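Note sheet for the following structure.
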Amino acid sequence: MEPLMIRLYTFPDCLPGIPYTRIPIQNPSQGPKGKIPFIEDNGVVLGDTTHILEYLHRAYGLDLDLHLSALEKAQSHALQRLLEERLYWVIVYSRWMDVANQGFARTVLFKDVPWPIRGLITRMATKTVRQALHHQGLGRHTGDEIYQMGLSDINAVRAVLDDKPFLFGDRPSVADATAFGMLINIAGPDVPSPLRDLVHDTPSLITYLERMHLLYAQQSRETRQQAA
C-alpha cells in the first residue's frame, strides 16, 4: 500500500468512532485530483491526504495533534513536509528506478495484469514515473545522491523519535501516521535498498513500527466492530 494511503487509513483508525468503508479503486483518475486515495462523505468528495485530514478535523473534530504545543505543531508540520516532499520520492525511486529492483513493478505492482500486456504496462508506467521524478527534481540526481538524501530523512525521524513511544511524546500524532506510512513501506516489502538496511539496523525504528502496527491493528478492529 502506498505511504500516503497508509497515512490516511492510520489517522481515523487511531481515533475510532467513525465507521467507514474502503473501496478498491483501480483507476486513480476517478479521484477529484486524478490520484488516490480520496474520500466521499455525505456528498463531499475530497482528494489529497492533507486536505482529507483537515476535513475530518473540521467535520468531526478529529485532531491527533490536540496534545501538541505550538512549537511541536510547527516541528510536526516541517517533519511531514520533509517526509512527503522528499522521502516519498526516494521511495518511489527505489521501487521504480533502482536497477536492483527492476522486477518489482512487474511482479508485485502489476501481478494481476495479464501477461501479454504486463510488460507494456510496466514500461509505460516506468516512463511516467521517471518523468515525474525528473519534474519533481529528485530524478536529476545520481542514485547515490538520492539514497543519501533518504538516509538523512530517516535519521531525522530517528532523532525526533529518540527514546519516546511516539514522535512527540506518549500519544500518536498526525506526524506518526505519516512516518509510519513511509517507514513501513521501506521496511516491509522485499525491496532491497540502503533505506531498508538503515531501518532494519535501527532498533528504535523497528520497535516504533511494531508499536504503530499494533495500534493500527487494534483500532482497525474496533472501527470495524462499530461499523458492523
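Here the sequence shown stands for residues 5 to 232, where the numbers follow my numbering. Don't be surprised by glycine CBs; every beta carbon is placed ideally from N, CA and C. Predicted model only: the values in this text are computed from it and were never measured.
### Query
What three-state label does DSSP hand Ile43 in the structure shown?
strand
### Task
Whole angstroms is fine: what's the gap from Ala231's alpha carbon to Glu44's?
Residue placement at Ala231 is flagged as unreliable, the pLDDT there being 47, under the threshold of 50; the coordinate-derived value follows with that caveat. Taking the straight line from one Cα to the other gives about 16 Å.
### Rounded separation between Asn46 and Trp119 - CA only
40 Å
### Task
Return helix, strand or coil for Leu66, following the three-state DSSP convention.
coil
#### Entry: Those residues which DSSP pairs with Val49 across a bridge
Glu44
### For Tyr220 and Arg228, the rounded distance between their alpha carbons
Any reading at Arg228 must be qualified, since the residue scores a pLDDT of 49, below 50, and its modelled position is unreliable; no value is offered.
### Through-space distance from Gly107 to Tyr64, alpha-carbon basis
43 Å
### Message
Please list the terminal residues of the continuous alpha helix (DSSP H) segment that includes Ser80.
### Response
74-86
### Query
Would you report the Cα separation of Lys168 and Pro176, rounded to the nearest angstrom?
11 Å
### Query
DSSP three-state call for Gly192: helix, strand or coil?
coil
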